[in-house]
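Undergrad:
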Amino acid sequence: MKCPFCGNSDTQVVDSRVSEEGGTIRRRRRCLACDKRFTTYERVELAMPSVVKRNGNRVEYETGKLRASLSLALRKRSISTSDVDAAVARIEEKLLASGMREVPSERIGELVMAELKKLDKVAYVRFASVYKSFEDIGEFIDAIREMQGPPAPGKLRKE
Ligand SMILES: [Zn+2]
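Dropping the structure here:
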């Protein structure tokens, strides 16, 4: 940590405390060169693991893809957006709690299937039957979109 006054990188932590919300650590530092004091804040970073596809390629985890695959499986089913949000949150919690830096795409597929099984049996079967023959969720989405065909020109598709 560089001193903001003189740029020196030798600083000493004189006080540390956790913020009231608990997510941030506030540190009071003293510059060993100019003796000025300053405060830094450290935040816990929750990083989603990278996704390892079946072919070994690694891609960044994307919430949007996960949500899209759940929504596609659940289309025309009577499942509320908040139920989908809760399912996405549970899947992400599990991925974070695993502490893994990398997660196989199959594992995400399994988590999606477990959530769908609880939410809607039809969507579960729909997802399981299609997803299993694909490389990852991205391909699953592409396949479903192709099956649906392009949206009618000049018209927004409504679900
Ligand atoms: Zn300094």
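First residue of the sequence shown? That's -19 in our numbering, and the numbers climb one at a time after it.
By construction, the Cβ of each residue, glycine as well, lies at the ideal position given by its N, Cα and C atoms.
Bear in mind the structure is a predicted one, so any value in this text is a computation, not a measurement.
Which ranges does the beta strand (DSSP E) cover as unbroken runs of at least 3 residues, wholly within the segment 14 to 44, from first to last along the chain?
TA: Fully enclosed beta strand (DSSP E) runs of 3 or longer: 17 to 23 and 30 to 32.
Undergrad: Looking at the strands, I want to know which residues DSSP matches up with E82.
TA: By 1-based counting over the sequence shown, the position of residue 82 is 102. DSSP output for E82 lists S30 as bridge partner(s).
Undergrad: Where I88 and S58 are concerned, what is the direct C-alpha to C-alpha distance, given to the nearest angstrom?
TA: Translated into positions along the sequence shown, residue 88 becomes position 108. Translated into positions along the sequence shown, residue 58 becomes position 78. Taking the straight line from one Cα to the other gives about 23 Å.
Undergrad: Which whole-angstrom value describes the C-beta separation of V31 and V83, a residue pair presumed to lie in contact below a C-beta threshold of 8 Å?
TA: Looking up residue 31 in the sequence shown gives position 51. Looking up residue 83 in the sequence shown gives position 103. V31 to V83, Cβ: 6 Å. Contact.
Undergrad: Compute the distance between the beta-carbons of T141 and R6, then report whether it is under 8 Å.
TA: This structure leaves residue 141 out entirely; the chain is present only between -19 and 139.
Undergrad: What is the rounded straight-line gap between the Cα of A103 and the Cα of R17?
TA: Locating residue 103 in the sequence shown gives position 123, where the first residue counts as 1. Locating residue 17 in the sequence shown gives position 37, where the first residue counts as 1. Straight-line Cα distance between these residues: approximately 58 Å.
Undergrad: Closest to E22 by CA distance: which of E90, S(-4), R38 and G(-13) is it?
TA: Within the sequence shown, numbered from 1, the residue matching residue 22 stands at position 42. The option with the nearest alpha carbon to E22 is S(-4).
Undergrad: What does the Cβ neighbour count give for C14, buried or exposed, with the cut at 16 atoms within 10 Å?
TA: The residue labelled residue 14 in the question sits at position 34 within the sequence shown. Label assigned to C14: exposed.
Undergrad: What does the alpha-carbon distance come out to for the pair M(-19) and L75?
TA: Looking up residue -19 in the sequence shown gives position 1. Looking up residue 75 in the sequence shown gives position 95. One C-alpha to the other measures close to 31 Å.
Undergrad: Taking the alpha-carbon of L96 as reference, which of T19, C11, G(-13) and L50 has the nearest alpha-carbon?
TA: In the sequence shown, the residue the question calls residue 96 occupies position 116. For the residues T19, C11, G(-13) and L50, the minimum Cα distance to L96 belongs to L50.
Undergrad: Using only the alpha-carbon positions, how far apart do T4 and T20 sit?
TA: Position 24 of the sequence shown holds residue 4. Position 40 of the sequence shown holds residue 20. Spanning the two alpha carbons is a distance of roughly 10 Å.
Undergrad: For ligand 1, I want to know if A94 counts as a neighbour, meaning its beta carbon is within less than 7 Å of at least one of the ligand's heavy atoms.
TA: One-based indexing of the sequence shown puts residue 94 at position 114. False, no ligand heavy atom lies under 7 Å from that Cβ.
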